[in-house]
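Participant: As you go down the protein sequences, you meet chains A and B in turn. According to my numbering, the first sequence holds residues 169 to 353 in order. According to my numbering, the second sequence holds residues 86 to 529 in order. Please see the structure below; I have some questions.
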Amino acid sequence: MDTKTLIKKCQKNNRKAQSELFHLYKDILFALSLKYCKNYNEAEDNLQDSFIVIFKKIHQYSFKGSFEGWMKRILINNAIDKYKKAPLLDRSFDENRIANTDVDPEVLNIPLDKLLKYIQELPDRYRLVFNLYELDDYSHKEIARKLNISEGTSKSNLHRAKSILKTRIVSCNDCLKKKTVMSNG
Amino acid sequence: MADPKDIGKAFREKLKELDRFPSTLTWDDIESELPKKERKLFLYWIRTLSVILLILLLIFKSDNYKHRNVFGEMSNTIEIPDYCKTSNTYQKYSIGLDKKIDGVKTTSNIDKDNFFINYIRDTHYLLNNYNNTDSLDHKKRTSRNIEVKKAIHKNKENQLASTNKNNIEQLKGEVKHTSKKTKAYKALLSNSNDLKNVNKDSIKLQDKKVVEVIPKKKDTLIYMERIQANPFNMFSFRLHMTSAYPILPVGSLISDQIPHRCNVGIVTLNYGILLKSNISKKIELRMGYGRLKLTNELKGIAISELPSSLRGLEGGVSGGAFAEESKKVDVLQKLIHHEVSLGVQYKITNKLITTSLVGGLSAMVLNRNKIIIKTDSGTLKRDNTNLFRINYNIQLGSSFEYKLSEKLFFSVEPLINYSLKKRVSSKSFYPMYLTVHTGFFYKI
């Protein structure tokens, strides 16, 4: 069954088609959910809530644009709705504070789980802004509108998120080097 | 050493390889949270039965019309044998018959005395000229008798007509031709000035119970069959305006999304049509269609309390998001339904104002579901998806009809509507609303 037929059946509230759609997209959406949520359990909760919204709203999907993209937007919006009520970090953007957030690609040779953990451990607002901007191509204007913050705040949050990530990665690399030296020595 | 890279882009590349699978989440967890599937079969049967009922009503009605036309034709084309047409009796009779027919057609202007005299005259004519009762076939006799009975029935307030009716009840088996009747009839024909007296004499005859008189052997018997009331013999329709007011015992229409907030119902004005037909003297069958708008308002909601779907944060929802979370807004929900109702009406009193009890079921198909968020700077429109598309209600109430003319009635009908099934997925919400139908009935 092709995706279009599957969607049409889901729009008619066909349980079998809904189940098939769930199994088809759950892994892709779960990987996305992991990046937006704090941990594995919350990512699963978010995925469940998102699928419920998807099936309730699937009749609104008019086959314009990517269906996967449409589902991803719902999942992201669910996550935003969950975490956006975190304490407001409303410091204005200060260009003088910009530190260089470039890194040597080699330092990222650390396990994927570690990288994911660093993202998940970011403060809620920082994590949302970082994911939306860096991983899902939202502009600062869109982020500001979604999170009800100013564009300046969005830029500031992104920079802080990157700074934190860089610090962690560098420190992790240092630890790894030490361990390597110790094990070699 | 490779060139330094922005940490964001570096993360993006690395995380593309990420593939993790949910371990505990299953399809059952999702399915249990989804709204239950609509029972389309039930809806199918509701629609089918409604159509069948409508067709039956039309068939019964057209059948009734057909009978009426037959009666009309028959009353004007009573076949009189040629040998009778030459007689004075026939000529006199025919004059009387014409008057009688006019009288039957315009029942409000009927001259009751003359009608009764005509009745006697008519009966006597038949007795004199149709010694062989087979010469007037059964169908024609029956139809004429029906007409006589109709005229009597329509003038039932009148004592004379009432006496006639009683007489017909007594004559349901046979008409007895007595010597006294003959005498009265002769007087009637010989001197028109004596008509009134004859009439009185005739009434007295009725009072003395004709049944007690034993018919002589030579008497001619005319059989009059009792007319059975035809079901669906009255048919009426009403055009009405409906004012609707949601009564909300718990929660709100949008309580699924904004819990623990009480809202206010707003009166709306709608329209509809109702078809009604008698199935007995007191019971009427009703079928209606209407457009019904239900409106609720929640005042002073902080934007932060609104769910993302109302703030425009979810996918598929158009419109911009709010900039300030601290502001308070009013949320107005407008639900427009197509309502098809089926019910029964039981007459309690039938005086100047006819009072009836009304009960029934209705199916409501959600047509539009808009949520309007009012802010200081303007309004935003949103869709809401937490409602079932089809809903079923129980209707209970009363009906008051005021007779404006023979066929036109003014009607007021307050009804309480209670939903059989939750309208929203909220566990605490069972919608109930009051409707008042105000309109005019036209009886066919």
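Yeah, the Cβ is synthetic: ideal placement off N, Cα and C, and Gly gets one too.
How far does the beta strand (DSSP E) with B:Arg323 in it reach, from first residue to last?
Facilitator: Element bounds for B:Arg323: Phe320 to Ile332.
Participant: Select from the stretch 190-206 of chain A all residues with a C-beta closer than 8 Å to any C-beta belonging to chain B, and list them in chain order.
Facilitator: So the list reads Phe190, His191, Lys194, Asp195, Phe198, Ala199, Leu202 and Lys203, given in the order they occur along the chain.
Participant: By the criterion of Cβ-Cβ separation under 9 Å, what are the contact partners of A:Arg295 in chain B?
Facilitator: By Cβ distance, chain B contributes nothing, its closest Cβ being about 12 Å from A:Arg295, past 9 Å.
Participant: Roughly how many angstroms separate the alpha carbons of B:Ile140 and A:Ala211, rounded to a whole number?
Facilitator: Looking at the two C-alpha atoms, the distance is approximately 57 Å.
Participant: Assuming the contact rule is C-beta atoms closer than 8 Å, B:Glu486 and B:Thr439 should be a hit. Round their C-beta distance to whole Å, please.
Facilitator: That pair is a contact at about 4 Å.
Participant: Would you check if the distance between the CB atom of B:Arg97 and the CB atom of A:Glu302 is smaller than 8 Å?
Facilitator: In contact: B:Arg97 and A:Glu302 (Cβ atoms closer than 8 Å).
Participant: List the residues of chain B that A:Leu215 touches, going by C-beta distances under 8 Å, in chain order.
Facilitator: The answer, in chain order, is Pro107 and Leu110.
Participant: With DSSP as the reference, please indicate the residues paired to B:Ile368 in a beta bridge.
Facilitator: Partner(s): B:Tyr431.
Participant: Would you check if the distance between the CB atom of B:Glu424 and the CB atom of B:Leu377 is smaller than 8 Å?
Facilitator: Yes, they are a contact pair.
Participant: Beta-carbon of A:Phe235 versus every beta-carbon of chain B: anything under 8 Å?
Facilitator: No, because no Cβ of chain B sits closer than 8 Å to the Cβ of A:Phe235.
Participant: Excluding the 5 residues flanking A:Leu284 on each side, which residues of the same chain have their C-beta closer than 8 Å to its C-beta?
Facilitator: Contacts found: Leu202 and Lys203.
Participant: Check each residue of the stretch 302-317 of chain A: if its Cβ is closer than 8 Å to any Cβ of chain B, include it; give the result in chain order.
Facilitator: Taking 8 Å as the Cβ-Cβ cut-off against chain B, the residues of the stretch 302-317 of chain A that qualify are Glu302, Leu303, Arg313, Lys314 and Asn316.
Participant: In chain B, which residues lie less than 9 Å from A:Ile220 when you measure between Cβ atoms?
Facilitator: Residues of chain B passing the Cβ test: Ile115, Glu118 and Leu119.
Participant: So A:Ser187 contacts chain B; which residues on that side make the cut at Cβ distance below 9 Å?
Facilitator: In chain order: Trp112, Ile115 and Glu116.
Participant: Between B:Ile92 and chain A, is the shortest Cβ-Cβ distance under 8 Å, so that the two count as touching?
Facilitator: Closer than 8 Å: yes.
Participant: Give the DSSP-derived three-state secondary structure of A:Asn120 in the structure shown.
Facilitator: Missing from the structure shown is residue 120 of chain A; chain A here goes from 169 to 353 and no further.
Participant: Shorter than 8 Å from the beta carbon of B:Ala387 to some beta carbon of chain A?
Facilitator: For B:Ala387, the answer is no, since every Cβ of chain A falls outside 8 Å of its Cβ.
Participant: Whose C-beta lies closer than 7 Å to the C-beta of B:Ser321 among residues of the same chain, with five residues either side of it excluded?
Facilitator: Once the five neighbours on either side are set aside, the close Cβ partners of B:Ser321 are Lys361, Phe526, Tyr527, Lys528 and Ile529.
Participant: So the alpha helix (DSSP H) B:Gly93 belongs to, where does it begin and stop?
Facilitator: Unbroken alpha helix (DSSP H) run through B:Gly93: Ile92 to Leu100.
Participant: Under the DSSP definition of a beta bridge, which residues are partnered with B:Pro499?
Facilitator: Answer is B:Val521.
Participant: Considering Cα atoms alone, identify which of A:Pro273, A:Asn246 and A:Lys172 is closest to A:Ser234.
Facilitator: Nearest C-alpha to A:Ser234: A:Lys172.
Participant: Compare the C-beta of A:Glu212 against all C-beta atoms of chain B and say whether one is closer than 8 Å.
Facilitator: Taking Cβ atoms only, chain B reaches closer than 8 Å to A:Glu212, which makes this a yes.
Participant: For the pair the stretch 240-249 of chain A and the stretch 205-222 of chain A, tell me if three or more CB-CB distances fall below 8 Å.
Facilitator: Yes, they touch.
Participant: Please state whether DSSP places B:Glu491 in a helix, a strand or coil.
Facilitator: Note: B:Glu491 maps to coil in three-state DSSP.
Participant: Given this structure, state the Cα-to-Cα distance separating A:Phe231 from A:Leu174, to the nearest angstrom.
Facilitator: If I take the Cα positions, the gap works out to 12 Å.
Participant: Report buried or exposed for B:Asn381, applying the criterion of at least 16 other Cβ atoms within 10 angstroms of its Cβ.
Facilitator: It counts as buried.
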